[in-house]
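Only one structure is covered here, and it is reproduced in the block below.
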Amino acid sequence: MFEDGSYLYSYDFWNNDPSKYIFHNGYYTFCGTGAGSFISRYDSSDIPIPFLLPNGPILLSKLNPQKVYLSVEANFIGSSNGGFDWDTVSANNYVSYRAISPINDNHLFGFRNQGEIVKSLSGGTEEFPVAQFNNTYLIDKINITENGKNLFTVAMDFDFDYFYNDRNFRIYASNDFGNPFSWSERASSRTPIYIALDKANSDAVYYASGHKIYQSLDGGTTFTLIKTVDKSITGLHKKSGSNVFYISTPSGIEEVSIDAAQSLVNNPNITFYYNFYPLKVGNKWIYSANGANYLEPGIEPYSYEIVKSVIGDSIINGKKFFKIYETTKYLTGTYTGNSYSKTYFHRIDSSQGIVYQIDDGFNEEKKVENLFLGVGDSSEYFPSGHYINYSVVTSITRQPKFNQASFERRSRCYSLGMYEYSLMWGFGIDSMFIGYDFGYTNIGLKGMVKNGIVYGDTTLVGVEIEGDNLPLQYSLSQNYPNPFNPITTMTFQIEENGFTSLKIYDLLGKEVTTLVNEEKQAGKYEVKFDASSFSSGIYYYRLQSGGYFETKKMILLK
622 MFEDGSYLYS YDFWNNDPSK YIFHNGYYTF CGTGAGSFIS RYDSSDIPIP FLLPNGPILL
682 SKLNPQKVYL SVEANFIGSS NGGFDWDTVS ANNYVSYRAI SPINDNHLFG FRNQGEIVKS
742 LSGGTEEFPV AQFNNTYLID KINITENGKN LFTVAMDFDF DYFYNDRNFR IYASNDFGNP
802 FSWSERASSR TPIYIALDKA NSDAVYYASG HKIYQSLDGG TTFTLIKTVD KSITGLHKKS
862 GSNVFYISTP SGIEEVSIDA AQSLVNNPNI TFYYNFYPLK VGNKWIYSAN GANYLEPGIE
922 PYSYEIVKSV IGDSIINGKK FFKIYETTKY LTGTYTGNSY SKTYFHRIDS SQGIVYQIDD
982 GFNEEKKVEN LFLGVGDSSE YFPSGHYINY SVVTSITRQP KFNQASFERR SRCYSLGMYE
1042 YSLMWGFGID SMFIGYDFGY TNIGLKGMVK NGIVYGDTTL VGVEIEGDNL PLQYSLSQNY
1102 PNPFNPITTM TFQIEENGFT SLKIYDLLGK EVTTLVNEEK QAGKYEVKFD ASSFSSGIYY
1162 YRLQSGGYFE TKKMILLK
């Protein structure tokens, strides 16, 4: 997903040449406006196609480079000139075609209805069922070996298991060209499954699930564990004729050899995962909450409102933290009208994706989130700071939020009570449920201000946080004017009483003068610097107070 709300739905390459690509992208909102669907090639972009919503991947013939197929909505369309022009092959057949045979490009395979696999012998004009798996949702492409004989796909079903959000992932396979009565289950897992084939060996198939990679050399009849890695796997590719794999993980693409450690190839995904927890000065979240206490003789309901604002940043123990001011006010219930506030600091470890928190007045970091966790991964922390035994990521799915395309990551936690929460891509913590034997609380994000843009409903019933009501924060402003001759002004702010210094350094880092070097009360200060006796050049000024320090550059021009 891109910042403008568009998606790259599917892609492929002619002759496995990355420079000869074709992909299907489009724009649509969940309100039904701004819609469009396009095909782009390496030599032409934004070719319009009929219909809107994708229902399957782009299918390229290996026998005829001009033949291209695509499932859209309930229809199947085709192109005979490489994707420049499209015709409807079959309308309203509700088949999502997922594969084209490498040995006969009229043989297609797809999904229809719930758990039904179909095959076409006529290029998609007609189809017939070849397998039916009850209570199963077929969710993956169909992988076909080079000889066209072995086919593999992944499905998801539900078994009402509370711990893993009621999900099972299963591999179904055929060793007879996908014909009827040849399909059967070959493997299953509680975490998503990703399949890879080896083009040099049609009997070899591999799959990854969680942190593990499995191998079969008999067409998927039996699988053996061959590798365990340290991150959750979100995609798998087998390098043909070798022991090398490429895996995608939340921190990037990594190369894995069966006999060697994994190594990072690149990490383009990191910023994507940071968007699950957008920390920036000025961002604000508004939550509404409701719940009940189960007290004798009856149930006591309550509601309250939460406002969280990123009001600044600070250097603590040499690391940059964002300062968050959170206010809660009860709207109904026993504590109606009562309010309280707290201040804490968050930072994201860029190498591990872990969100750390320091509570105001303390110096110890605690983990409150790991943005790199995949489905099935567990941790021992919870974003509210509650202690829990463990939490498990149960799903990462595409979901809309505030009429914006987004992704939702849900987690379920276990302790003395029941905890559930979700992160929404681009918005942060979206929902939270806390349940006990004696009551429960539901919390939901109703509005947000991000990068100055308002999303959802930011109307406040009981809480207002404006301007001067915000607590002081450490900051050092750029001097003005800059460049200057010979006098300039520096403004700084400290949030706590303490010893404070403001010093000037030359380009080589030598201290040349001290402007402030004394105990200061919390507040805002303005200091003038007269450089009449200094030579033209670049200078630095550095503020230090408590655990905070910041340095800025200024230019003296005479």
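First residue of the sequence shown: 622, per my numbering; consecutive thereafter. Glycine included, every Cβ here is placed at the ideal spot set by N, Cα and C.
Residue pairing from DSSP places K963 in a beta bridge opposite E947. Taking the CA atoms as reference points, S1154 sits about 49 Å from S962. A buried status is given to N771, since no fewer than 16 other beta-carbon atoms sit within 10 Å of its beta-carbon. Under a 10 Å Cβ-count criterion, N714 is classified as buried, with 16 or more other Cβ atoms of the shown protein chains found around its own Cβ.
The residues N676, G677, S717 and Y718, in chain order, have a CB closer than 6 Å to that of S692 in the same chain once the five nearest residues on each side in sequence are set aside.
Following the DSSP letters along the chain, one finds G856 inside the beta strand (DSSP E) bounded by residues G856 to K859.
Comparing alpha-carbon positions, the option among K762, D761, N734 and L729 lying closest to E748 turns out to be L729.
Here D1058 is exposed: its Cβ has fewer than 16 other Cβ atoms, across all protein chains shown, within 10 Å.
Note that the stretch 858-875 touches the stretch 818-833; at least 3 beta-carbon pairs, one per stretch, sit closer than 8 Å.
Scanning its chain for C-beta atoms nearer than 6 Å, with the 5 sequence neighbours on each side dropped, one finds around Y1101 the residues T1110, in chain order. Among the bridge pairs identified by DSSP, A720 is matched with F730. S805 is positioned such that its CB atom lies closer than 8 Å to that of Y793.
For E694, the closest C-alpha among the options F659, F672 and D1127 is that of F672.
In the structure shown, F893 adopts helical secondary structure according to DSSP, grouped into three states. The Cβ atoms of G745 and G704 do not sit closer than 8 Å to each other.
Contact between E1116 and Q1094 holds, with the beta-carbon distance rounding to 5 Å and staying under 8 Å. Looking at the DSSP output, H645 sits in a beta bridge with S631 and I660. Burial state of Q973 is exposed, judged by a 10 Å Cβ sphere holding fewer than 16 other Cβ atoms.
The shortest C-alpha to C-alpha distance from K905 to any of V877, I945, T870 and I874 is the one to I945. Within the same chain, Cβ atoms closer than 6 Å to the Cβ of S1052 are found at S1043 and G1065, the five residues on either side in sequence being excluded. Excluding residues up to 5 positions away in sequence, E1140 lie with their Cβ nearer than 6 Å to the Cβ of F1120 in the same chain. Straight across, the Cα-Cα distance linking N1072 with E1041 is about 28 Å. Within 10 angstroms of the beta-carbon of P871 lie 16 or more other beta-carbons, which makes it buried. Take F1023, set aside five residues on each side of it, and the residues of its chain with a beta-carbon closer than 7 Å to its own are Y1076 and G1077, in chain order. With a cutoff of 8 Å on beta-carbon distance, S795 and D726 are scored as not near each other. When DSSP states are grouped into helix, strand and coil, N636 belongs to the helix group. S1096 has its alpha-carbon roughly 27 Å from the corresponding atom of S1157.
Straight-line spacing of the CA atoms in S869 and K950 works out to 44 Å. Beta-bridge partners of K901 (DSSP): none assigned. Distance from I679 to I670 at the Cβ level is roughly 11 Å; contact not present, criterion being Cβ atoms closer than 8 Å.
A913 has P922 and Y1061 as its beta-bridge partners, per DSSP. Here E1132 has K1124 and Y1126 as same chain residues with Cβ atoms under 6 Å from its own Cβ, once five neighbours each way along the sequence are excluded. Membership of K1124 in the beta strand (DSSP E) is indicated by the continuous run G1119 to Y1126. Taking all protein chains shown into account, Q1165 has 16 or more neighbouring C-beta atoms within 10 Å of its C-beta and is therefore buried.
The beta carbon of L846 sits closer than 7 Å to the beta carbons of K833 and Y835 from its chain, once the five residues preceding and following it are set aside; these are given in chain order. A residue is called buried once 16 or more other Cβ atoms fall within 10 Å of its Cβ, and V902, having fewer, is exposed.
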